[in-house]
Amino acid sequence: MNKLINNTKSNLNYSIMTIILFWCGLIVMSSMYLTIPLISLFSSTLNVSPGLAAWTSSIFCIFFAVGCLVYGPLSDRYGRKKIILIGMAMLTVVTPLVGLFDNIYWILTIRAFQGAMAAAFSPVALAYIPEMFPDNKKLTATGFLVTGFLMAGIVGQVISGLINQYLAWNYVFYIMGAIYFITLILVTFLLPNDNLPRLKTSVIQAIEGMASLFKIKTLVLCYAVDVMFLMSMMCMYSSLGYYLSGPQFGLNSQEILYVRAAGIFGIIFAATSGLFVKKFGLFNVLIGGLLIAALSLISLAFINNIYILVILSVIFVAGIAVTAPALITIIGQIGGQSRGAALSLHTVILFIGAGLGPIIAITLLDTGINYLPYLVMGLVLVVGVGLSILIKKSIKI
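Per my numbering, residue 863 is the first one in the sequence shown, and the count goes up by one each step.
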């Protein structure tokens, strides 16, 4: 098997593969965030409550998380690229259907299917890299993939805001469907097949194996921190439109779009996580990044200067971005021989948190205190800092 893998690898263009994986991570995960700028629009035009409109994001995340439990084991049995292609093809078909309906329940139903189809990429791509890349290129490829995942949180919102501003919300999904079709072609011809021997473990057996990981207490602590990452980011950005358009700032949709776009500068730090780890150590990066994210988020609740607010939002995103690869590394090392299952669960739990974020945001905004989501999520991240210290004391990596 090792000889087969080595012969396959010798003929690959790793730069192109890395770019394709980054692009797929960026564009597939962008779908999760497309409806965040549209929540208030759905609420007003479809005549539904903001809480119900927020479910257009949350239901995607929940079905995405459930899908991650299934696609990882399926790819173990049938091959990584096959599963990625099937998911991309289905995503190409399902995505434009969202724009065809003006009934919130039909939109929610199709968003659920969309989330389930999008899940075919993330956990499978994380397993594809270790199999298809040599040791000296695995970390770089993973870093680019994670950067694509995180950057999607900003890019998805910006794409949605721009298209809605110049066309209409329906075209967000029509255009994304066309982008997925182009991506499907790129993956078909530019991402090599993983023609490797496969185990015949059933999906049910694989899921049962994942469940046993919850007996590892330190891993459970890691997952508790895991859920906070995208939960805090989704909550922050779901609240942003209400906060910045309110009487304190009075920004219009174009100005709010610029604030969202600024977060991309923070995402860049995901690619530098490895450098920070070498200099400061794995756990110091985890603890320090979470602390920076927590303090910047709490500070947002008390700032009334728009320029300082933008800077703090970028610092918050940078804290999350630099921390995410460090936690992935820790989970993988704790998982040991069950690394693949541990990372699949990481993906599931990460996006359960993403699903909770918009719901928490709208619930807290219903109090009439627009800055409350920032304060609450900041305090949640402080708890994450405490849990990270416990993890550090529990193990030696």
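Yeah, the Cβ is synthetic: ideal placement off N, Cα and C, and Gly gets one too.
Helix, strand or coil at residue i according to DSSP, with G and I counted as helix
{"i": "V956", "result": "helix"}
{"i": "Q1116", "result": "helix"}
{"i": "Q1110", "result": "coil"}
{"i": "T1002", "result": "helix"}
{"i": "F983", "result": "coil"}
{"i": "F1076", "result": "helix"}
{"i": "F1091", "result": "helix"}
{"i": "A989", "result": "helix"}
{"i": "A1132", "result": "helix"}
{"i": "F925", "result": "helix"}
{"i": "G1230", "result": "coil"}
{"i": "P1220", "result": "helix"}
{"i": "D1056", "result": "coil"}
{"i": "A974", "result": "helix"}
{"i": "A1014", "result": "helix"}
{"i": "F995", "result": "coil"}
{"i": "A1030", "result": "coil"}
{"i": "G1143", "result": "coil"}
{"i": "G934", "result": "helix"}
{"i": "G1151", "result": "helix"}
{"i": "G1215", "result": "helix"}
{"i": "G1262", "result": "Because residue 1262 is not part of the residues shown, which for the chain are 863 to 1259, the question remains open."}
{"i": "G1023", "result": "helix"}
{"i": "G1125", "result": "coil"}
Residue i CB to nearest heavy atom of the ligand SAH below 7 angstroms
{"i": "S1206", "result": "For the structure depicted, the ligand SAH is absent and the ligand set is empty, with no information on it obtainable."}
Cβ neighbours of residue i in the same chain (closer than 6 angstroms, five flanking residues each side left out)
{"i": "F1142", "result": "none"}
{"i": "I1257", "result": "T1080"}
{"i": "P1235", "result": "C1097, S1101, A1223 and L1226"}
{"i": "S872", "result": "Reliability of the predicted coordinates at S872 is poor, the pLDDT of 44 falling under 50, and no value is obtained from them."}
{"i": "G1240", "result": "A1156, L1159 and I1160"}
{"i": "F1145", "result": "K1254"}
{"i": "G1266", "result": "Residue numbering for the chain in the displayed model covers 863 to 1259; residue 1266 lies beyond these limits and cannot be assessed."}
{"i": "L1218", "result": "M1093"}
{"i": "N1032", "result": "G961"}
Where the alpha helix (DSSP H) through residue i begins and ends
{"i": "L962", "result": "Segment: none, L962 is in no alpha helix (DSSP H) and carries neither H nor E."}
{"i": "L908", "result": "Unbroken run through L908: none, as it is neither H nor E."}
{"i": "K1254", "result": "L1234 to S1256"}
{"i": "I882", "result": "Y876 to Y895"}
{"i": "L1189", "result": "I1168 to G1197"}
{"i": "F1164", "result": "Premise fails: F1164 is in no alpha helix (DSSP H) and is neither H nor E."}
Best match in the options for proximity to residue i [C-alpha to C-alpha]
{"i": "Y895", "options": "P1220, E1117, G1039 and A1040", "result": "P1220"}
{"i": "S919", "options": "R973, V955 and C886", "result": "R973"}
{"i": "R1122", "options": "F1213, W1031 and S1022", "result": "S1022"}
{"i": "F1131", "options": "N1114, T971 and F1006", "result": "F1006"}
{"i": "I1168", "options": "D1088, L1113 and L908", "result": "L1113"}
{"i": "I889", "options": "L1237, I1118 and I1037", "result": "I1037"}
{"i": "F995", "options": "L883, W917 and I1118", "result": "L883"}
{"i": "F926", "options": "I898, Y967 and S984", "result": "S984"}
{"i": "I991", "options": "Q1027, P1054 and I1025", "result": "P1054"}
{"i": "P899", "options": "N1057, Q1116 and G949", "result": "Q1116"}
{"i": "F1213", "options": "S892, C923 and T880", "result": "C923"}
{"i": "A1216", "options": "L1012, I966, G1103 and A1203", "result": "L1012"}
{"i": "L1092", "options": "A1180, W968 and A1203", "result": "A1180"}
{"i": "S892", "options": "Y1033, L1205, A1014 and A1203", "result": "A1014"}
{"i": "N1166", "options": "A1030, F1111 and W917", "result": "F1111"}
CB-CB length for residue i against residue j, believed under 8 angstroms
{"i": "S1100", "j": "I901", "result": "7 angstroms"}
{"i": "A987", "j": "I946", "result": "7 angstroms"}
{"i": "K999", "j": "Y876", "result": "5 angstroms"}
{"i": "S1175", "j": "G1125", "result": "6 angstroms"}
{"i": "V1147", "j": "T1209", "result": "Actually they are not in contact, since the Cβ atoms of V1147 and T1209 sit about 20 angstroms apart, beyond 8 angstroms."}
{"i": "D964", "j": "L908", "result": "7 angstroms"}
{"i": "G1260", "j": "A989", "result": "The structure shown does not extend to residue 1260, since the chain is modelled only from 863 through 1259, so no value can be given for it."}
{"i": "V1087", "j": "L1249", "result": "5 angstroms"}
{"i": "L1237", "j": "M1072", "result": "Going by Cβ atoms, the distance from L1237 to M1072 rounds to 35 angstroms, so no, they are not a contact pair."}
{"i": "L1024", "j": "L1119", "result": "7 angstroms"}
Other residues of its chain near residue i: CB distance less than 7 angstroms, five sequence neighbours each side excluded
{"i": "C1084", "result": "L1189, I1192, I1193, I1196 and I1253"}
{"i": "L1243", "result": "M1090, S1094, L1152, A1155, A1156 and L1159"}
{"i": "I1016", "result": "R1122, A1123, G1125, I1126 and I1129"}
{"i": "N864", "result": "The pLDDT assigned to N864 is 46, lower than 50, so where the model puts this residue is not dependable; a value taken from the coordinates is nonetheless given after this. Nothing listed; no residue qualifies."}
{"i": "T954", "result": "G1039, Y1042, F1043 and L1046"}
{"i": "I878", "result": "L1052"}
{"i": "S905", "result": "S911, P912 and A915"}
{"i": "K943", "result": "L1053, N1055 and D1056"}
{"i": "S937", "result": "I945, V986 and A989"}
{"i": "G1108", "result": "N1232"}
Sequence-distant residues of its chain with Cβ nearer than 8 angstroms to residue i (five each side left out)
{"i": "G929", "result": "G977, A978, M979, A980, A981 and A982"}
{"i": "Y1233", "result": "Y1105, L1162, A1163 and F1164"}
{"i": "N868", "result": "With a pLDDT of 47 at N868, under the threshold of 50, the predicted position of this residue should be treated as unreliable, though the coordinate-derived value follows. Closer than 8 angstroms at the Cβ level, and outside the excluded window around N868, lies no residue."}
{"i": "F1035", "result": "L896, T957, P958, L959, V960 and G961"}
{"i": "W885", "result": "G1010, T1045 and L1048"}
{"i": "I1251", "result": "I1149"}
Closer than 8 angstroms to chain D by CB, residue i
{"i": "F1131", "result": "The structure shown contains no chain D; it is built from a single protein chain."}
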